[in-house]
Amino acid sequence: PKYTIPSGVPYTGDWCRPQKDGPALRSLAVARYALGLFDENDLEGMDWVRSEVFGGPETLVQKDLAWLMQHWEDNTCDLWEDHEATDFFWGRFASRAALTVGATLAEKLGESALAAQYRETADQVTAKLWGHWTGQY
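Anchor point for the sequence shown: position 84 equals 78 in this note's numbering, and the numbering is continuous, going up by one each time.
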């Protein structure tokens, strides 16, 4: 349960949905792992990457990144699931990181067109992230 601060009274309001950071965080973690398999020259692992992670539009990372490219500007919930907005820093940052690492993986797999699309979207996200910088923080 959640509690109201500072009173400690249990929170009885609705929990915000959807919280849309899942595809970004999942694809970021899996793409980084996949890149590690390539760095280690793990042939069996690289086959797994090509068949399950990044081998077509329904594979894990490609599916998540395609979703991100379409939905990164949508409303989402904050980390505590009680506020909804379109411009939470953490959500934007996770999306940018996933798209950037995904682009690196795409390039490593010879998918330069996809890599360019991911980088283009990451650049759009980055431009929005600069709106959180005030010059002091």
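Even glycine gets a Cβ: it sits at the ideal position worked out from N, Cα and C.
| Extent of the continuous alpha helix (DSSP H) to which F82 belongs | From DSSP, F82 is part of no alpha helix (DSSP H); its letter is neither H nor E.
| field | Per-residue DSSP class, three states only, for Y145 | value | The first residue shown for the chain is -5 and the last is 131, placing residue 145 beyond what the model contains.
| task | Return yes when the Cβ of W84 is within less than 9 Å of the Cβ of P17, no when it is not. | result | no
| said: Can you list, in chain order, the residues of its chain with a C-beta nearer than 7 Å to that of P12? Leave out the 5 residues immediately preceding and following it. | reply: T70, C71
| query | By the 10 Å Cβ neighbour count, where 16 or more other Cβ atoms means buried, how is Y(-3) classified, buried or exposed? | reply | exposed
| said: In the DSSP output, what is E78 paired with across the bridge? | reply: C71
| task | Could you pull the start and end residues of the alpha helix (DSSP H) that E114 belongs to? | result | 106 to 123
| task | Tell whether a beta-carbon distance below 9 Å holds between G96 and L37. | result | no
| task | Return the residue from the list Y27, W9, A110 that minimises the CA-CA distance to L54. | result | Y27
| How big is the Cα-Cα spacing for D58 and D8? | 27 Å
| message | Less than 9 Å between the C-beta atoms of A88 and E101, yes or no? | response | no
| task | Take K122 as the anchor and find which of G49, Y5, F82 has the nearest alpha-carbon. | result | F82
| task | Below 8 Å CB to CB, which residues in the same chain sit around R90 once its five sequence neighbours on both sides are set aside? | result | A116, V119, T120, L123
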